[in-house]
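Read the structure below first, then the notes.
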Amino acid sequence: MPIRHDRFGHPVTTATSATVEAIDRFTLEVLSHGKEAGALLAAAEADPDCGLLQAYAGALYLFLQTAEGMDKAAPYLTRARTVVSTASERERLTVAALDAWGTGEPERALDLHRRIALAWPRDLLNLKLAQIHQLNRGDRAGMRALAEAALPHGREYSYAWGMLAFALEQAGALDAAEDAGRRAVGMNRDDPWAQHAVAHVLEARRDPDGGLAFLGPLSGTWDRCSSFMYTHNWWHAALFRLDLDDAAAALALFDARVWGVRKTYVQDQVNAVSLLSRLELRGVDVGSRWADVAVHVGPRINDRQNAFLDLHYLYALARAGEDDAAAEMLAGMRAHAVIASPASRVIWSEIAIPAASGLAAHARGRCAEAASALGSVLPRMFLLGGSTAQQTWFEQLYQDSRRQLESAPTLWPGICA
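Positions 1 to 417 (the UniProt record's numbering) are the ones given, in order, by the sequence shown.
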């Protein structure tokens with residue numbers, strides 16, 4: 001099979017230049033959180049013999065982080081395994097990493113992505129995939145180490161700086177994170193992940209005015225983004241509005257920018273759940289919005305793809321008063337904790353299940369139960385994944401439960417039983 005090379009100089013085993021061009025476009029779409037990554041599927045149909053291309057097509061569905069996504073990824077990953085044996089080592093390892101993700105072995109997937117990153121540090125798409133897994137398991141130190149190791153080999157790309165900026169912020173190195181993030185945006189104004197990293201820094205510093213001043217002029221660049229990145233950067237803008245006690249503006253952003261772009265996508269659902277809850281914690285009457293969110297998270301009751309995601313689904317169901325659905329989901333999570341892989345069993349049984357009980361209790365006004373359950377796991381919640389800003393929500397629910405036990409009136413009528 002002929003060998004061609006991608007934009008980073010890596011060999012791709014394919015007979016057609018169109019395949020490499022499609023992989024290059026896909027790579028840039030993923031790195032820039034664009035909304036045209038799905039164009040790769042047509043290329044995958046046209047070149048079924050390129051294992052790397054088939055694996056990337058599978059990744060498109062793995063990004064959904066749903067049971068249906070896993071099912072849709074499977075044929076592409078099966079095809080990739082079948083045809084990749086004569087390809088280069090990097091291609092074989094990439095197929096193996098994505099196949100591990102597709103078969104429910106994210107720990108093995110991350111190990112393989114690390115191996116690729118050390119041998120081919122200019123493979124920025126691989127670094128992005130590794131960062132997804134590191135974020136999902138709270139591996140902040142590992143995220144920083146991998147991004148720092150890659151930077152000297154891809155420093156001409158804003159995306160390398162943006163991924164480094166995010167990793168540094170997650171690890172608590174705020175000054176270095178801001179420097180890297182602003183450098184990335186200076187190189188490429190359309191790098192939303194770098195913008196997002198700087199927003200994280202400004203939020204960590206409790207500088208909402210600075211956050212809005214930074215994000216505002218850049219918000220027009222988000223129209224080309226995937227729904228996750230579009231809604232997530234607007235989510236950050238809404239958090240800055242809340243920090244300025246402008247709840248009306250934050251609620252308006254929820255309606256116009258955060259919820260409603262792609263209601264079936266799990267990351268958009270996570271953005272919506274945490275923002276709606278934070279609005280309520282500020283005393284905002286959100287009307288019937290929980291019911292709408294619950295309708296769209298309902299199909300996720302039995303997914304078990306990610307405990308961090310499950311906690312958001314559960315809270316939305318409970319907050320909407322869907323008690324039977326919430327109970328079914330909590331029972332399913334408990335059952336999964338028993339059969340989870342050895343690598344994740346402790347995470348599920350010792351952290352996710354108590355957290356789920358606490359969130360469900362808070363949503364239904366059982367504040368003593370919520371405070372006890374959440375307080376027991378807060379120091380380890382980061383192991384469930386999510387960014388530092390996203391993890392703050394759990395702390396806020398815990399503190400709200402404690403406050404409402406100690407004082408009256410409550411934020412919501414009858415919330416504390």
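Yeah, the Cβ is synthetic: ideal placement off N, Cα and C, and Gly gets one too.
Problem set entry | For CYS367, the three-state DSSP class (helix, strand or coil) | helix
For this session: State the CB to CB distance for the pair SER158 and ASP191, rounded to an integer number of angstroms; the pair is presumed to be in contact (CB under 8 Å).
Result: 4 Å
Exercise. Relative to the alpha-carbon of ALA238, which residue among ALA67, GLY211, THR13 has its alpha-carbon at the smallest distance?
Worked result: In terms of CA proximity to ALA238, GLY211 leads the group ALA67, GLY211, THR13.
Problem set entry | For GLY358, three-class secondary structure by DSSP | helix
Exercise. When DSSP labels each residue in this structure, what does ARG189 get in the three-state scheme?
Worked result: coil
Problem set entry | Extent of the continuous alpha helix (DSSP H) to which VAL346 belongs | 342-346
Problem set entry | ILE3 in three-state terms, based on DSSP | strand
Exercise. If you run the structure through DSSP and keep just helix, strand and coil, what is ALA408?
Worked result: Any answer about ALA408 is weak, because its pLDDT of 49 lies below 50 and its placement is not dependable; what the coordinates show is given next. In this structure, ALA408 counts as coil in the three-state DSSP scheme.
Problem set entry | Pick from GLN396, ARG206, GLY386, LEU251 that is closest to VAL270, judged by C-alpha positions | GLY386
Exercise. What's the gap between the Cα of ALA307 and the Cα of PRO2?
Worked result: Near 43 Å, if we compare the C-alpha coordinates of PRO2 and ALA307.
Exercise. Name the DSSP beta bridge partners of PRO11, please?
Worked result: PRO11 is bridged to HIS5.
Exercise. In or out: ALA356 buried (at least 16 other Cβ within 10 Å) or exposed?
Worked result: buried
For this session: With DSSP as the reference, please indicate the residues paired to CYS225 in a beta bridge.
Result: GLY34
For this session: Can you grab the Cα-Cα spacing for the pair TRP412 / GLN390, in whole Å?
Result: Here TRP412 scores only 47 on pLDDT, less than 50, and its place in the model should not be relied on; the value that follows carries that caveat. Spanning the two alpha carbons is a distance of roughly 23 Å.
For this session: Pick out whichever of ALA184, ALA371, ASP99 has its Cα sitting closest to the Cα of ARG403.
Result: ALA371
Problem set entry | Rounded C-alpha distance that separates ALA96 from GLU369 | 44 Å
Problem set entry | Counted within 10 angstroms of its Cβ, other Cβ atoms place ALA417 as buried (16 or more) or exposed | Unreliable positioning characterises ALA417 in this predicted model, as indicated by a pLDDT of 43, which lies under 50. A coordinate reading is not provided.
Exercise. When the Cβ atoms of the region 151-167 are set against those of the region 35-42, are three or more pairs found closer than 8 Å?
Worked result: no
Exercise. Is the beta carbon of ALA145 less than 8 Å from the beta carbon of PRO121?
Worked result: Going by C-beta atoms, ALA145 is not nearer than 8 Å to PRO121.
For this session: Along the alpha helix (DSSP H) that carries MET381, what are the first and last residues, could you check?
Result: That residue, MET381, is in no alpha helix (DSSP H); it is neither H nor E in DSSP.
Exercise. Pairing CB atoms from the region 238-247 with CB atoms from the region 222-229, are three or more of them under 8 Å?
Worked result: no
Exercise. Which runs of the alpha helix (DSSP H) spanning at least 4 residues fall entirely within the region 116-202, listed in chain order?
Worked result: 124-136, 140-154, 158-170, 174-187
For this session: Identify, in the order they occur along the chain, each residue of the same chain with its Cβ nearer than 7 Å to the Cβ of LEU93, setting aside the five sequence neighbours on each side.
Result: LEU112, ARG115, ILE116
For this session: Tell me whether the beta-carbon of GLY138 lies closer than 8 Å to the beta-carbon of LEU405.
Result: No.
For this session: Spatial neighbours of ALA130 within its chain, please: CB distance less than 7 Å, with the 5 preceding and 5 following residues excluded, ordered by chain position.
Result: Within the same chain, ALA130 has close Cβ partners LEU110, HIS113, ARG114, ALA117, LEU146.
Exercise. When DSSP labels each residue in this structure, what does residue 422 get in the three-state scheme?
Worked result: This structure leaves residue 422 out entirely; the chain is present only between 1 and 417.
Exercise. If you draw a straight line from the alpha carbon of VAL330 to that of ILE353, how long is it in whole angstroms?
Worked result: For the record, residue 330 in the displayed sequence is Leu; it is not Val. Rounded to the nearest angstrom, the two C-alpha atoms are 8 Å apart.
Exercise. With burial defined as no fewer than 16 other Cβ atoms inside 10 Å of the residue's Cβ, what is the status of ILE132: buried or exposed?
Worked result: buried
For this session: Express the C-alpha separation of LYS35 and GLY9 in angstroms, rounding to a whole number.
Result: Between GLY9 and LYS35, the alpha-carbon positions lie close to 25 Å from each other.
Exercise. Sorted by chain position, which residues of the same chain lie with C-beta nearer than 6 Å to ALA22's C-beta, five sequence neighbours on each side aside?
Worked result: LEU40, ALA43
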